[in-house]
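Undergrad:
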Amino acid sequence: MTTKQLYRKRIFDVLLVMLGLPILALPLVMLIILATLDTQQWGIFTQLRIGQKGKSFKIYKLRTVREKQNKSGATVETISRIGHVLRRSKLNEIPQLYNVLKGDMSLVGPRPDLPGFADLLKGEDRIILRVKPGLTGLASLKYRHEENILARQPNPEEYNRTIIWVDKVKINRKYVQNYTFYLDLSILLKSILNQPYTDDKRRG
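With the numbering used here applied, the sequence shown corresponds to residues 351 to 554, in that order.
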C-alpha cells in the first residue's frame, strides 16, 4: 500500500464517518443508554489494542458484560441480555467510529489485536502493521461467527491462537498486498449486507 493510497484512504474514512454521524448519533446514544441499564455500568468501555506501526491505543466498544458477585464474593462476568444481541449484530463496535475520526483506525483493515499478538508477526506478515486497523475487514467477514466457532472447541484459547489467528494473519497480509479502493468498497458493502468472505485467486 503506497503513501498516496493511505492518504486517500484516510480522506475517505473521515468523509464517510462525517456523513454517517447525523444518522447514527441518536441510535448510538440509545444503545449506550440500553447498555448502561443492562450492565449497570457506563455503557462504553475501552480496551488496549495494537495499531499501526505497533503503537498501542484505546479502542471503544459498547459494554456487553455484566459483573456480578457469587456466593463466595468473587466477581463473575457474564454477557448481558442485550450484550448477546449487540455482539451478534456487531453493533457493539459502533463507538469505534470515534477511533476512525481520531486516526487510530480505518473503516476497513485488519482488526486490531490485543497486546502480545503483534510481537508474534514475523517476516512478510509484519506488513499488516503498516496500515491502520479497521472496523471491518476480510478476516472479520470470514470469522463473523468467531464466538460460536470457539464455543465448540475443547480448548478455545489454543484454537484461536494456533488456527484462527494464523488464518487471519494470512488473510490480512493478502489484503494489504492487494489493496485497492474498490476492495475496500466491496468489504464495506459485504459487511453492511452481512455477506461472507470468499477466498478467491484474484486476491493472490
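Virtual Cβ for every residue (Gly too), placed ideally from N, Cα, C.
Between valine 481 and isoleucine 537, is the Cβ-Cβ spacing less than 7 Å?
TA: Cβ atoms of valine 481 and isoleucine 537: not closer than 7 Å.
Undergrad: Beta carbon of leucine 378, beta carbon of isoleucine 432: below 7 Å?
TA: No, Cβ-Cβ distance for leucine 378 and isoleucine 432 is not below 7 Å.
Undergrad: Taking the CB atoms as reference points, tell me whether isoleucine 521 and leucine 491 lie closer together than 7 Å.
TA: In this structure, leucine 491 does not lie closer than 7 Å to isoleucine 521 by Cβ.
Undergrad: Return the chain-ordered ranges of every alpha helix (DSSP H) run that is complete within the stretch 463-548 and spans a minimum of 4 residues.
TA: Qualifying alpha helix (DSSP H) stretches, in chain order: 488-492, 496-501, 506-509, 515-527, 531-543.
Undergrad: Of the choices Leu374, Asn449, Leu381, Pro372, whose alpha-carbon is the least far from that of valine 435?
TA: Checking every option, the nearest Cα to that of valine 435 belongs to Leu381.
Undergrad: Name the one or two DSSP bridge partners that arginine 416 has.
TA: DSSP output for arginine 416 lists Thr428 as bridge partner(s).
Undergrad: Cβ atoms of isoleucine 400 and aspartate 475: under 7 Å apart, would you say?
TA: Cβ atoms of aspartate 475 and isoleucine 400: not closer than 7 Å.
Undergrad: DSSP three-state call for glutamine 397: helix, strand or coil?
TA: In this structure, glutamine 397 counts as strand in the three-state DSSP scheme.
Undergrad: Looking only at DSSP bridge pairs, what is tyrosine 410 linked to?
TA: Answer is Thr396, bridged to tyrosine 410.
Undergrad: CB-CB under 7 Å to glutamate 443, same chain, minus the five flanking residues each way: which ones, in chain order?
TA: Only Lys411, Leu485 meet the Cβ criterion.
Undergrad: Sorted by chain position, which residues of the same chain lie with C-beta nearer than 6 Å to alanine 547's C-beta, five sequence neighbours on each side aside?
TA: What sits at residue 547 in the sequence shown is tyrosine, not alanine. Counting only Cβ-Cβ distances below 6 Å, and skipping sequence neighbours, we find Leu488, Leu491, Lys492.
Undergrad: Just curious, the beta strand (DSSP E) that lysine 457 is in, first and last residue?
TA: The sequence shown places leucine at residue 457, rather than the lysine named in the question. Counting along the chain, the beta strand (DSSP E) containing leucine 457 begins and ends at 456-458.
Undergrad: Give me, in chain order, the residues of the same chain whose beta-carbon lies closer than 6 Å to that of lysine 408; leave out the 5 immediate sequence neighbours on both sides.
TA: Thr396, listed in sequence order.
Undergrad: Decide if leucine 469 is buried, meaning its Cβ has at least 16 other Cβ atoms within 10 Å, or exposed.
TA: Here residue 469 is aspartate; the residue named in the question, leucine, does not match the sequence. The residue is exposed, with fewer than 16 neighbouring Cβ atoms inside 10 Å.
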